[in-house]
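Undergrad: Just dropping this structure here.
Residue numbers (my numbering): 59 to 175.
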């Protein structure tokens, strides 16, 4: 997994499967980042080809943490098997989901994200 932080954007890029083990790894990575108000947390799922119900836990925990601290958490590049899990659990209506990483910034709402200069 790679993480990069630039301006007020924190990018998480998990790889492979987000199952019990992969979910724990994602949780550990997210705990290491201290959320700041007005940050944007992006979870880029382009390289995730499988997710089960235990993999949803870090996503929901991350969303809860982000909202409690004034951050915004979004998902992008969600592959079909992962999107299906999100739809079956109706979490697709809870998360902001973008087709690509670039789409996040095209559609960004200035009130919810302030980029540091």
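Each residue gets a CB set at the ideal place from its N, CA and C atoms; glycine is no exception.
A quick note: this is a predicted structure, and the numbers were derived from the prediction, not measured.
Quick check on residue 98: does DSSP put it in helix, strand or coil?
TA: Counting from 1 along the chain shown, the entry for residue 98 is found at position 40. The answer is strand: DSSP assigns residue 98 an E or B state.
Undergrad: So which of 137, 102, 118, 93 has the shortest CA-CA distance to residue 69?
TA: Locating residue 69 in the chain shown gives position 11, counting from the first residue. Nearest option by C-alpha distance: 102.
Undergrad: Just how far apart, CA to CA, sit residue 125 and residue 82?
TA: Counting from 1 along the chain shown, the entry for residue 125 is found at position 67. Counting from 1 along the chain shown, the entry for residue 82 is found at position 24. For residue 125 and residue 82, the distance between alpha carbons rounds to 20 Å.
Undergrad: Quick one: does residue 112 have its CB under 9 Å from some CB of chain C?
TA: Chain labels in this structure do not include chain C; a single protein chain is all it has.
Undergrad: Taking residue 108 as the reference, which of 158, 141, 151 has the closest Cα?
TA: Here residue 108 corresponds to residue number 50 of the chain shown, with the count starting at 1. Residue 141 is the option with its Cα nearest to residue 108.
Undergrad: Can you tell me which of the three DSSP states residue 80 falls into?
TA: Within the chain shown, numbered from 1, the residue matching residue 80 stands at position 22. The answer is helix: DSSP assigns residue 80 an H, G or I state.
Undergrad: Looking at residue 143 and residue 114, is the spacing between their C-beta atoms short of 9 Å?
TA: Looking up residue 114 in the chain shown gives position 56. Looking up residue 143 in the chain shown gives position 85. For residue 114 and residue 143, yes; Cβs fall inside 9 Å.
Undergrad: Please state the DSSP three-state secondary structure of residue 153.
TA: Taking the chain shown and counting its residues from 1, the one referred to as residue 153 is at position 95. If DSSP states are grouped into helix, strand and coil, residue 153 belongs with coil.
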